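Comments concern the structure below.
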Amino acid sequence: MIRSAAFILISCVSIGSAQPCDPIGLFYGADSVVNNRFQSEIAAGDLNQDGYPDLVVPGFRTVHFNDGGGRFGDGVYLPSVGARDPNLVDLDADGDLDLVVRDGAYIKVVLNPGDGMLDFDSSYTDPGGISNVDVVDLNLDGSPDLVWTNSERTGMLLNDGDGRFTELDTSSSDFGGGGTIVEAADLDGDLIPEVVLTHERLIRTYRADATGVYGLVQAINIGLDFSAEHVQNILLEDLNGDGFPELTFSSLSIVPSRPDFVTVYRNLGDATFVPRDNHPLFNVVVGLQVSDIDQDGINDLLVSDQNSHSLWILRGNGAARFTATGPISSFGAAPLDAPRHILCPDLNLDGVPDLVVGNYGGSTVRYAFNRCGTHPCPPDLTGEGMLDEQDIDAFLDAYLDENPAVDFDRDGQLTHRDVSSFIVAFQSGCP
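Mapping of the sequence shown onto the working numbering: residues 25 to 455, in sequence order.
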């Protein structure tokens, strides 16, 4: 997976704070973006180069531009944006974010002219279709490449440097057929990405030799270790600060009465993994994400549990072990409804990661702001610990006096958007 400025916007990053925040009641000001027609993944990144992360909703083929305060209006319909596995990254070295997306049996490359109005450029396919695609610089030439998989084989497309791709011959590589999920990252510190494939109960890791031929490094059978039926999701992220990505995965239990698992395997530094932590807490885990959500300087895991209509936060201790906090079933007064996919870009540029969640129920994309490091209840302007008419009066007085303390959308000016943001925060209530 690409490690770049673009990646920092797409992924959840560790920022750090001296005092950790309690994740319960941490999120406020929830709002919805759009119906997410196919319940597909979401991507976030600054598409129009104004400094604020925007949202791509491939299932509805829309782009939603940030208004400068972390909120989004109606999306711009772009037919080229669809429908799964969105990756935002600069493919043609022009300084803006482009889009790689899987659309049916095709990988589509959608280039950005600079204003975020993504325009279809080229597509690639395979007779066996495309199950999953990841973006990574395979040959270390500075240009993002593509690795993909289907049920029969795994392939690679090398970037020519301008967002066009040439297929790499992988016939000599021992990928053991295809897979369901593919992720790539440098797992052993040599800068060259390894490839991780999942297929049913197997998680397989592959390393390239000096000639670029990939061979098997390790195979993990989660059916033997956890009585699991198949892998649902994987992450490759450093969870203990040693510079080597851990393997985190969710798996569906083979026993109907048993919950799903979220499991962490520690990286030994050589692209092999050993069991580290396991959390059998969940009904149907769909989304996994990494973020220092409580701002203690240590990465946490965020888990979406679709069937219980909630999120869990597994708070890290810095040694790839976690304590479960949750469930979180709403953002303020806004309930979650079968949440699936999770992102955590800093929507309002206050220095802390916020949350964007794709809900299967109602097919909505909901987002909320992280109050960690800020006033614990922003609309409580009187500081009484409760919301009442005095807070409304205090807001109106400050607004009419042009007091920047009520710049609720943090855009450096007082406008009607601050009034709307205050109303939404007031209605959402305080923890």
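Where a beta carbon is used, it is the ideal one built from N, C-alpha and C, also for glycine. Quick caveat: nothing in here was measured; it's all calculated off a predicted structure.
Using a Cβ-Cβ distance cut-off of 8 Å, the segment 324 to 335 and the segment 378 to 389 are in contact, since at least three pairs of beta carbons, one from each stretch, lie closer than that value.
Residues 454 of the same chain have their beta carbon placed closer than 6 Å to that of residue 401, with the five preceding and five following residues left out of the count. Residue 270 places its beta carbon 7 Å or farther from that of residue 276.
Residue 218 sits in a strand when the DSSP states are folded into three classes.
Remark: three or more beta-carbon pairs, one from each stretch, lie closer than 8 Å, so the segment 432 to 451 and the segment 416 to 423 are flagged as touching. Taking a cut-off of 8 Å for Cβ pairs, the segment 359 to 370 and the segment 295 to 306 do not touch, as fewer than three such pairs fall below it. Counting the other CB atoms within 10 Å of its CB gives residue 440 a total below 16, which places it among the exposed residues.
Contact between the segment 307 to 319 and the segment 370 to 378 is present, with at least three C-beta pairs closer than 8 Å. If you look at residue 413, you'll find it in the alpha helix (DSSP H) that goes 413 to 424. The bridge partners DSSP lists for residue 315 are 324. The beta carbon of residue 186 lies closer than 6 Å to those of 116 in the same chain, with the five residues before and after it left out. Short of 8 Å from the beta carbon of residue 404, and not among the five residues preceding or following it, lie these beta carbons of its own chain, in chain order: 410, 411, 415, 454. Within the segment 321 to 370, the complete beta strand (DSSP E) segments of 3 residues or longer fall at 324 to 329, 334 to 340, 346 to 352, 363 to 367, listed in chain order. Our two residues, residue 89 and residue 77, have alpha carbons roughly 8 Å apart in a direct line. Excluding sequence positions up to five before and after residue 243, its CB lies within less than 7 Å of the CB of 226, 228, all in the same chain and listed in chain order.
A check of alpha carbon separations from residue 87 across 93, 71, 94 identifies 71 as the nearest.
One Cα belongs to residue 413, the other to residue 430, and the distance between them is close to 16 Å.
Membership of residue 448 in the alpha helix (DSSP H) is indicated by the continuous run 440 to 452. Look at residue 105 here: in three-state DSSP terms it is coil, with no helix or strand label.
A Cβ-Cβ contact shorter than 7 Å links residue 217 with residue 160. Bounds of the beta strand (DSSP E) holding residue 239 are 238 to 245. Per DSSP, residue 180 is one residue of the beta strand (DSSP E) stretching across 178 to 183. Excluding its 5 nearest sequence neighbours in each direction, residue 388 has C-beta neighbours in its own chain below 6 Å: 56, listed in chain order.
In terms of Cα proximity to residue 66, the closest of 442, 323, 312 is 312. If the five residues before and after residue 189 are omitted, its C-beta is found closer than 8 Å to the C-beta atoms of 133, 146, 148, 169, 170, 181, 182, 183, all from its own chain and listed in chain order. In the DSSP assignment, residue 394 falls within the unbroken beta strand (DSSP E) covering 388 to 394. Counting every other CB atom within 10 Å of its CB across the protein chains shown gives residue 97 a total below 16, marking it as exposed.
Secondary-structure assignment with DSSP links residue 200 through no beta bridge to anything.
Residue 291: member of the beta strand (DSSP E) spanning 284 to 291, first to last residue. Under the DSSP assignment, residue 274 falls in the beta strand (DSSP E) whose first and last residues are 270 to 277. Around the CB of residue 127, 16 or more other CB atoms lie within 10 Å, so the residue is classed as buried. DSSP lists 172 as the bridge partner or partners of residue 157. Put simply, the backbone Cα of residue 406 is about 13 Å away from that of residue 450. Here the alpha carbons of residue 438 and residue 418 stand approximately 15 Å from one another. Residue state for residue 308 is assigned as coil, using DSSP reduced to three classes.
When the five nearest sequence neighbours on each side are left out, the beta carbons in the same chain lying within less than 7 Å of the beta carbon of residue 173 are those of 155, 156, 202, 203, 206, 221, in order along the chain.
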